[in-house]
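Working notes for the structure below.
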Amino acid sequence: NAGVMQNPRHLVRRRGQEARLRCSPMKGHSHVYWYRQLPEEGLKFMVYLQKENIIDESGMPKERFSAEFPKEGPSILRIQQVVRGDSAAYFCASSPGVGGTGELFFGEGSRLTVL
Amino acid sequence: SQQGEEDPQALSIQEGENATMNCSYKTSINNLQWYRQNSGRGLVHLILIRSNEREKHSGRLRVTLDTSKKSSSLLITASRAADTASYFCATDVGAGNMLTFGGGTRLMVKP
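In order, the protein sequences belong to chains A and B. Residues 29 to 143 in my numbering are what the first sequence spells out, letter by letter. Residues 209 to 319 in my numbering are what the second sequence spells out, letter by letter.
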């Protein structure tokens with residue numbers, strides 16, 4: 029049973045370009061969460077999605093950032109017109125939602141470097 | 209500000225010693241969880257303690273929860289070099305399993 033899959037693992041972009049990060053949750057999981065981690069810091073919540081719905085995006089900047097979790101395919105975190113401050117590790121986690129234990133299952137992260 | 213704050217921020221011990229990490233939080237919780245992160249990797253769930261529990265064990269891990277003080281501790285007994293990692297507490301306030309993480313304790317276990 030494959031875990032949470034994130035790609036790419038590493039992404040380099042120049043200022044002003046777009047970054048797209050993908051996350052496939054564990055099989056049977058319908059809830060996806062995106063977190064951002066700066067070096068030597070904890071994880072900061074960005075957005076919580078269920079299939080085709082954004083449940084909570086309170087941690088996501090209103091400009092340049094967007095997220096989706098379509099009916100088919102992976103969840104996508106999109107960062108437009110990247111700036112150096114967007115350089116970070118972005119982690120996706122999933123849970124089954126109803127019937128789950130409360131535990132989140134994390135992917136290995138996507139490390140974005142903005143030049 | 210973060211819901212959870214770990215203390216200490218960094219801890220260095222010898223193999224075989226016990227490691228204790230503390231976490232304080234601010235609001236009422238459904239449960240509190242501890243995760244481990246090896247350098248450059250994702251987080252791995254260690255243990256979950258519910259708000260009506262006071263202590264929980266899992267192998268060499270022991271977690272306590274004091275809801276009156278809004279604090280938790282993680283004890284790793286008989287530490288090993290392989291325990292070297294960052295440890296994070298995370299609180300679930302009941303909003304769809306959305307977790308709020310602390311800043312972490314960086315544990316180094318010297319062989």
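Just so it is clear, CB atoms sit at the ideal spot from N, CA and C, and this is done for glycine as well.
Interface flag, residue i vs chain A, CB-CB below 8 Å
i	result
B:S209	Since pLDDT at B:S209 reaches only 42, below the 50 mark, its modelled position is unreliable, and the value read off the structure follows with that caveat. No, B:S209 lies away from the interface with chain A (no Cβ there is under 8 Å from its Cβ).
B:R249	yes
B:M306	yes
B:N246	no
B:N239	yes
B:D274	no
B:D215	no
Selected residue, minimal CA-CA separation from residue i, among the options
i	options	result
A:F93	A:A30, A:F133 and A:Q109	A:Q109
B:S279	B:M306, B:E225, B:Q241 and B:G224	B:Q241
B:R288	B:A218, B:E225 and B:L219	B:E225
B:A403	B:I221, B:V271, B:T292 and B:R249	Since the first residue of chain B shown is 209 and the last is 319, residue 403 of chain B is not available in this structure.
A:F119	B:Q245, B:D215, B:C231 and B:L269	B:Q245
B:R268	B:L307, B:T228, B:N260 and B:M306	B:T228
B:Y295	B:N239, B:E223 and B:M316	B:M316
B:F309	A:I83, A:G87 and A:R41	A:G87
A:P98	A:Q34, A:L132, A:W62 and A:S58	A:S58
Beta-carbon separation (whole angstroms), residue i vs residue j, contact threshold 8 Å
i	j	result
A:K122	A:P36	Note that residue 122 of chain A is Ser in the sequence shown, not Lys. The Cβ separation is near 18 Å, so there is no contact.
A:T129	B:L273	At roughly 16 Å, the Cβ-Cβ gap does not stay under 8 Å, so A:T129 and B:L273 are not in contact.
B:L219	B:T313	6 Å
A:R112	A:E46	That belief does not hold up - the Cβ atoms of A:R112 and A:E46 are roughly 15 Å apart, past 8 Å.
A:E131	B:R249	About 17 Å separates the two Cβ atoms, so there is no contact after all.
CB contact check: residue i to chain B, cutoff 8 Å
i	result
A:Y118	no
A:T141	no
A:E136	yes
A:L71	yes
A:G130	yes
A:D84	yes
A:L39	no
One or two residues paired with residue i in a DSSP bridge
i	result
B:N239	B:R258 and B:D300
B:I284	B:A227 and B:L269
B:H253	B:Y243
> Three or more beta-carbon pairs under 8 Å between the segment 229-244 of chain B and the segment 61-68 of chain A, yes or no?
Replying inline: no
> Using 8 Å as the Cβ pair cut-off and three pairs as the minimum, do the segment 50-64 of chain A and the segment 111-125 of chain A touch?
Replying inline: yes
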